[in-house]
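A.B. asks: Supplied in structure tokens, the structure appears directly below.
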């Protein structure tokens, strides 16, 4: 019997190649999309879970006023270990960027950390060479990743014991390679190429008050016997805050509330200042899980509609099988088996599509996903998905076909009329509603990204080139020498030297002022800049003045932004001459600069204090249109006159601004792709329903033509029914899409309003696509010879 079912299934496939192809292509496309999304979601959810006992590892975060940051006081490392018995280990790390000299070569390394000796005891970063217990204990040691060891010395073995030179502010430090790590897993939230012992940081930065300064990432590990239940974590959080409150009384540190964040939550649930790069977003994970479910659901609906569209051609087969003694459950098993067979064939094609599409998807999603079918668990999941899809998609057609009345079928009666039309139409409405929701979402995301790109952010972002300045030698003399070299070139226009880029200001600092009320502390960002800052960036003053060559400002002068003035509850004119204190250094406000965005537009503008300083970390130049390449070459020559063979690197402010919305841009691009695919799959379902309808009404069409109906009238008659279904889908989709996109936009402080034209565009596009899809079958039916449909009458 089973062998007979298989033969019958393949015969039906050969007999109806078009419908079989549509079925397989629709299911394969849906499965391929869902598999790719599954791989992406699996990667996003796997971050940091490679660490043994990952559920016992946590990170401290701090909230000062309204600012939440991952930087916390380093004093917690020793205090927690000594005062809290349930804490097994603590460690801290501090990110840095330095110039590394190896022989005669120099490297600008941006992924480095100072780390405590416990760092490799808490995190599972295996060593290829060296001893994990000792590599970070000696101040003059350094640990490299395998890729970095190969880059510097050719191999991990050759790197061991070799010296490297770290360039510092005034003098350099020679370190010896004592360990080589396996390359850091891509699903680790910490990504680094070099680890330096924390003693290096401590001997450079004297901290008499380790409770006062927020500069460290602090992690801790609970004892093995402790269960990390919510009640335990809440109690521990209270103990940590009590510890902090005692320190505030003793050291006059800034009031802050401490929070505990699980290690495995860091990648998807972080929204903190100064966090590591490359963070994900749990909202997008949930969205794409829904998209995967929607696409699979649409593909299943297509299968049902196409299977029922073919039911008329299999009616006599079913009647003969019933006459020969086949029971309904046997017919049901047969048709579900055929569905499962098609599903597994579709899975095979889907896997080929995934292999072909993964490189393209990895580029778009900035991932390195791979499909490993030798992984038994992964292969088992895919087979289970295919089986579930086959069972789901085949259940309705199987029950529908097996229910045919044998007498009516064998007499040649009309078995398709009115059967299950409500369910079929409802499924088509649902799948088109889902497609329209994705379409509207795509348009809104595109509008929001365009708005973010074009919005006035308070300065001219175009043609701004920046060059990182190495922290080597005499910083003041180097800055003066670079200015002198640049001033001799006619290609170089306005330029300035600043401590931080406006796209990366993450240094919250307490701001106090004379006459402030208790509890009115303001947290502000700091920026050091020379007198050319406003001119180079095209910024404007609200009142007062900026620093200039005519006023050789001392450390006792400050410029603040409008938000800082409002936070101090002053008027801009009133603020001039007021005495404020930043990091314990008091000075006079000499000017108020107009607000400009220095954070992503997800967040409001925050208080900012600008202090004059003749040297800094970045040189920013404004180039004339069309001269970028020549100006860049001139800047490089000037740079090399001052810094010799130190690596020269550069970037563009507008590109960095766009990079702030990389996650949204990737989401928009992926939404575009999945939206188009969902529409294509939905059109296959509509095509199936059109085929079903024309089969059911072929005699009616023949009669109408005999009585003189024209082809255009018949096409309009048949098309109207399908366009009505799409119109119903629009009525369902529009409010749902508006709600979902409105919720997404709440994550932005500056956002577009969802225009009615978004829905008009999506509605017209959906109706047009539906009309084109249906028109093939309706025109074919209208042009058919009525004699063929009426010859049996």
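Residue numbers (the numbering used here): 835 to 1627. Cβ coordinates follow ideal geometry from the N, Cα and C atoms, glycine included. Quick caveat: nothing in here was measured; it's all calculated off a predicted structure.
#1: Alpha carbon to alpha carbon, how far is residue 1209 from residue 1342?
#2: In or out: residue 995 buried (at least 16 other Cβ within 10 Å) or exposed?
#3: Which first and last residues belong to the alpha helix (DSSP H) in which residue 860 is found?
#4: Which of the three DSSP states, helix, strand or coil, is assigned to residue 1425?
#5: Between 1501, 1457, 1512, which has its C-alpha nearest residue 1487's C-alpha?
#6: Please check the pair residue 1391 and residue 1414, which I expect to be a contact at CB under 8 Å, by giving their CB distance rounded to whole angstroms.
#7: With distances taken between CB atoms, is the gap from residue 1027 to residue 946 smaller than 8 Å?
#8: What is the DSSP secondary structure of residue 1202, counted as helix, strand or coil?
#9: Taking the alpha carbon of residue 1572 as the point to measure from, which residue in 1275, 1180, 1188, 1328 has its own alpha carbon closest?
#10: Going straight from the alpha carbon of residue 980 to that of residue 1193, what length do you get?
#11: How would you label residue 1380, buried or exposed, when you count the other beta carbons within 10 angstroms and need 16 or more for buried?
#12: Quick one: any contact between the region 1506 to 1514 and the region 1259 to 1279, if contact means 3 or more CB pairs under 8 Å?
#13: Which term fits residue 1324, buried or exposed, when burial requires 16 or more other beta carbons within 10 angstroms of its beta carbon?
#14: How is residue 1436 classed by DSSP in three states: helix, strand or coil?
#15: Starting from residue 1095, follow its DSSP beta bridges and name the residues at the other end.
#16: What first and last residue would you give for the alpha helix (DSSP H) that runs through residue 1090?
#17: If we require 4 or more residues per run, which alpha helix (DSSP H) segments fall completely within the region 1353 to 1419?
#18: Figure out for me which residue from 1061, 1524, 1560 has the closest Cα to the Cα of residue 1549.
#19: Just to confirm, is the Cβ distance from residue 1476 to residue 1316 under 8 Å?
#20: In whole angstroms, what is the alpha-carbon distance linking residue 1206 and residue 1119?
#21: Can you tell me whether DSSP reads residue 915 as helix, strand or coil?
#22: Let's test the definition: count the other Cβ atoms within 10 Å of the Cβ of residue 1299 and tell me whether it reaches 16, buried, or not, exposed.
#23: Of the residues 1587, 1563, 1504, 960, which one's Cα is nearest the Cα of residue 1285?
#24: Between the beta-carbon of residue 1358 and the beta-carbon of residue 1426, is there less than 8 Å?
#25: Please return the same chain residues whose Cβ sits closer than 8 Å to the Cβ of residue 1347, not counting the five positions on each side in sequence.
#26: Got a sec? Which residues, its chain only, sit under 6 Å from residue 1580 by beta carbon, not counting five neighbours each side?
#27: The beta strand (DSSP E) spanning residue 832 covers which residue range?
#28: Specify the secondary structure class of residue 945 as computed by DSSP and reduced to three states.
#29: If you check the beta carbons only, do residue 1049 and residue 905 fall under 8 Å apart?
#30: Taking C-beta to C-beta, are residue 1117 and residue 1104 nearer than 8 Å?
#31: Check each candidate in 1448, 1345, 987 and name the one with the smallest Cα separation from residue 899.
#32: Please list, in chain order, all residues of the same chain as residue 1178 whose beta carbon is under 6 Å from its beta carbon, the five residues on each side excluded.
#33: Using the C-alpha atoms, what's the distance from residue 1054 back to residue 1029?
#34: I'd like to know if the region 970 to 990 and the region 903 to 921 are in contact, where contact means that at least 3 CB-CB pairs between them fall below 8 Å.
#35: Whose C-alpha, out of 1428, 856, 1420, 1373, is nearest the C-alpha of residue 1397?
#36: Taking the alpha-carbon of residue 893 as reference, which of 1013, 935, 1101, 966 has the nearest alpha-carbon?
C.D. replies: In brief:
#1: 47 Å
#2: exposed
#3: 851 to 879
#4: strand
#5: 1457
#6: That pair is no contact at about 10 Å.
#7: yes
#8: coil
#9: 1275
#10: 25 Å
#11: buried
#12: yes
#13: exposed
#14: coil
#15: 893
#16: Premise fails: residue 1090 is in no alpha helix (DSSP H) and is neither H nor E.
#17: 1367 to 1371, 1396 to 1401, 1406 to 1409
#18: 1524
#19: yes
#20: 22 Å
#21: helix
#22: buried
#23: 1587
#24: no
#25: 1402, 1412, 1413, 1414, 1415
#26: none
#27: With the chain covering only 835 through 1627, there is no way to say anything about residue 832.
#28: strand
#29: yes
#30: no
#31: 1345
#32: 1220
#33: 18 Å
#34: no
#35: 1428
#36: 1101
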